[in-house]
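Student: Straight run, no breaks: the sequence shown in the numbering used here ends on number 315.
This structure is in C-alpha cells; I'll ask about it shortly.
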Amino acid sequence: MGKYVDDVAARSALETVARHADGSSEPLPFVWSGASWTTPGGEWRDFPLVRRGIGEWLRVMADVCDSGESHGERREALRLAILDHKFSAFHAADPTDKEWHAEEAGRLTRELDAIPALAAVAPAVVQRIRDVASELLSASDVRAKQLLSLASQFDAFRAPMDDPAAWVRRLGSAPHNVHVRTSAVWEAFAVAEPVLARSMGARAGKSALFDAMDKRFGARRKLAGYEGWRGVTLPQ
C-alpha cells in the first residue's frame, strides 16, 4: 500500500464521520468501551473482525457524507413543492382540488422528513474518509490500531456509560490481587470523565468516578498527579 493518510487528516475525517453518524441507517458495528473494541452489546471480538467491521462501516459513511449535497438540493425542492401545494389548497374553490393539494402537501412532507438533514461535506473530506476506510481494511495491524485509537476520541465511537462504578468494574476484570496497568486506569479515566461531567456535572461526576476507580484500582495513587483530581473530596 502507498503512503498512509497522515494522522491530522485521518482525525479530521473521523471527526466528520462522528458528526454525521446519526444520518446512517447502518449502525456502528463496534464501540470503544474504554478498554477494548466490543459489539454494542459488550461482546468481545477478534481484532481482524473489528478492523474489518469499522472499515466497511466507514465506507458506508463516506457514501452518506457524499450524499449530503444532493440531499440538500432534494430537501429544498420538496420544501418549495410543499409550499406550492399548501398555497393551492388554501385558494382552491373546488373541495376536491383542495383535498388533493392538502394530501400532496402531506405526502411530500413525509418524504422530506425521511431525508437525512446532512450538511454538505467537501469532496476532499469524503475522499479522506474513504482513504481511512481502506487503510483500516488493508494496512498493518499497527496502523489500524492507530486509526482506531484516533476514532475512540469521539463520542460517536464510544460505548454509552450509565453507571460509572459498573463501567469501571467491566474494565477491571482482573482480580484485585492482579496488577492493573496505570495506562489502563488513565485511559478509563480520560474516557469517562467528560461523559460524567455532562450527565452529573463536573464536580459530582469526578467524585463518583474517582470513588469508583479508587475502590477498584487504587486511583488515588495512580492519578495523584492529575490536575483535575485537586479539590475533589472523596468519601472515605
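Note that beta-carbon positions come from the ideal geometry of N, C-alpha and C, so glycine has one too.
Anyone know if the C-beta pair for S91 and A238 falls short of 9 Å?
Tutor: Going by C-beta atoms, S91 is not nearer than 9 Å to A238.
Student: Taking 9 Å as the threshold (C-beta atoms), are T117 and F126 in contact?
Tutor: No, they are not a contact pair.
Student: Considering A88, what are the terminal residues of the alpha helix (DSSP H) in which it resides?
Tutor: Unbroken alpha helix (DSSP H) run through A88: D86 to H99.
Student: How many Å lie between E183 and C144 at the Cα?
Tutor: If I take the Cα positions, the gap works out to 29 Å.
Student: Pop quiz: L191 and I161 are said to be a contact at Cβ under 8 Å. What is the actual Cβ separation, rounded to whole angstroms?
Tutor: The Cβ separation is near 7 Å, so the contact holds.
Student: Could you tell me which of R158, R207 and E122 sits nearest to T95, measuring between CA atoms?
Tutor: It is R207.
Student: Go through its chain and collect everything with a Cβ distance to K177's Cβ below 7 Å, but skip five positions before and after it.
Tutor: Closer than 7 Å at Cβ, skipping near neighbours: A168 and A171.
Student: Looking at the structure shown, is T188 part of a helix, part of a strand, or coil, going by DSSP?
Tutor: Three-state result, T188: helix.
Student: Note down the Cα distance separating D85 from W179, rounded to an integer number of angstroms.
Tutor: Looking at the two C-alpha atoms, the distance is approximately 56 Å.
Student: To the nearest whole angstrom, what separates the beta carbons of A53 and L137, a pair I think is in contact under 8 Å?
Tutor: Residue 53 lies beyond the residue range present for the chain, which begins at 80 and ends at 315; the question has no answer from this structure.
Student: Counting along the chain, where does the alpha helix (DSSP H) carrying R138 start and finish?
Tutor: Looking at the DSSP string, the run of the alpha helix (DSSP H) that includes R138 is F126 to D145.
Student: Work out the CA separation of K224 and A218 for me, nearest whole Å.
Tutor: Answer to the nearest angstrom: the Cα atoms are 10 Å apart.
Student: Just confirm the distance between the C-beta atoms of L229 and I133, as a whole number of angstroms; I'd bet it's less than 8 Å.
Tutor: Rounded, the Cβ-Cβ distance is 12 Å, inconsistent with contact.
Student: Between which two residues does the alpha helix (DSSP H) holding P70 run?
Tutor: Only positions 80 to 315 of the chain appear in this structure, which leaves residue 70 out of reach.
Student: For A100, which option in R209, V139, R130 and R124 has the closest C-alpha, if you only look at C-alpha atoms?
Tutor: Comparing Cα-Cα distances from A100 to each of R209, V139, R130 and R124, the minimum goes to V139.
Student: Roughly how far, in whole angstroms, is the beta-carbon of D290 from the beta-carbon of A97, given that I think they are within contact range, below 8 Å?
Tutor: Contact flag wrong, Cβ pair sits at about 30 Å.
Student: Do D210 and R130 have their CB atoms nearer than 9 Å?
Tutor: In this structure, R130 does not lie closer than 9 Å to D210 by Cβ.
Student: My understanding is that L236 touches L107, with C-beta atoms under 8 Å, so please give their C-beta distance in whole angstroms.
Tutor: The sequence given here places Phe at residue 236; Leu does not occur at that position. Sure, about 7 Å apart at Cβ, within 8 Å.
Student: Rounded to whole angstroms, what is the Cα-Cα separation between L159 and F166?
Tutor: Cα to Cα, L159 sits roughly 11 Å from F166.
Student: How many angstroms separate the CA atom of E105 from the CA atom of E135?
Tutor: Rounded to whole angstroms, E105 to E135 spans 10 Å at the Cα level.
Student: In this structure, how does DSSP classify T175 when only helix, strand and coil are distinguished?
Tutor: In the structure shown, T175 sits in a helix (DSSP, three-state: H, G or I).
Student: Can you check DSSP and say which residues form a bridge with R237?
Tutor: Looking at the DSSP assignment, R237 forms a beta bridge with W111.
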